[in-house]
Amino acid sequence: MNNEDLKDFLSSVVASAKQVNILTGDHASAPYYEAGVKGSTTKTEEVIKRAVIRLMEEKDENGKYIVSEQGQFFGIKAVLTSSLCGLPSKPADFARVMHNLELDNLRVPYVYESVRKILPHQLPQNVELWRQYQNSADDYSMKQVAPAVRLMDILEEEKQ
């Protein structure tokens, strides 16, 4: 890795996960994701953007879209906020990043209220373990597992 690659990598990491503390009314410190201007993205964010757009166009073996309802963003968000991508997990911050990446006008958009209602009762907290549930999850959980696993695969392809 040369100096230019290292510089690009570090800039990408800092821009993707930069947090600052702001003072709230009661002088307590609160984390705030410092999202960039809409349309300005790092290399890592470009990979995420391409992967999510690809996922939205993916179809299963029956010709149906893998992502067909807003609640499936629970699984997508689980991948994007995991250590794989490092996006912020707080709903307002996540929505802001989706907007900044110009992913707020997708065929199936992220809507916090739809995601909040999802209760993945048999899935582990670590989304990277969801792959093992592809063949055993019930229909309710599969709505989260299928897009999450496919997104992880797409992200891996996009990074190469």
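Residue numbering for the sequence shown follows this note's numbering, starting at 295 and increasing by one per position. All C-beta atoms in this analysis are idealised placements derived from N, C-alpha and C, irrespective of residue type, glycine included. All values reported here derive from a predicted model rather than from experimental measurement.
Asked	Found
Would P382 be called buried (16 or more neighbouring beta carbons within 10 Å of its own) or exposed?	buried
Look up K411 in the DSSP assignment and say whether it is helix, strand or coil.	coil
Would you mind reading off the limits of the alpha helix (DSSP H) that contains E340?	K337 to E351
Taking the DSSP output, what are the residues bridged to Y359?	K353
So, with DSSP's three-state summary, where would you put N394?	helix
Of all the options E363, K371, E407 and K411, which has the alpha carbon lying nearest to the alpha carbon of M392?	K371
Between which residues of its own chain and T375 is the CB-CB distance below 8 angstroms, once the five residues before and five after are set aside?	L381, P382, S383 and F388
So what does DSSP say about G380, is it helix, strand or coil?	coil
For V405, count neighbouring C-beta atoms within 10 Å of its own C-beta (all shown protein chains included) and say buried if the count is 16 or more, exposed if not.	exposed
Which residue from N394, P385, N429 and T338 puts its Cα closest to that of F368?	P385
By how many angstroms is the C-alpha of S362 removed from the C-alpha of D354?	11 angstroms
Over what stretch of residues does the alpha helix (DSSP H) that includes R425 continue unbroken?	Taken as a continuous stretch (DSSP letters only), R425 belongs to no alpha helix (DSSP H), as it is neither H nor E.
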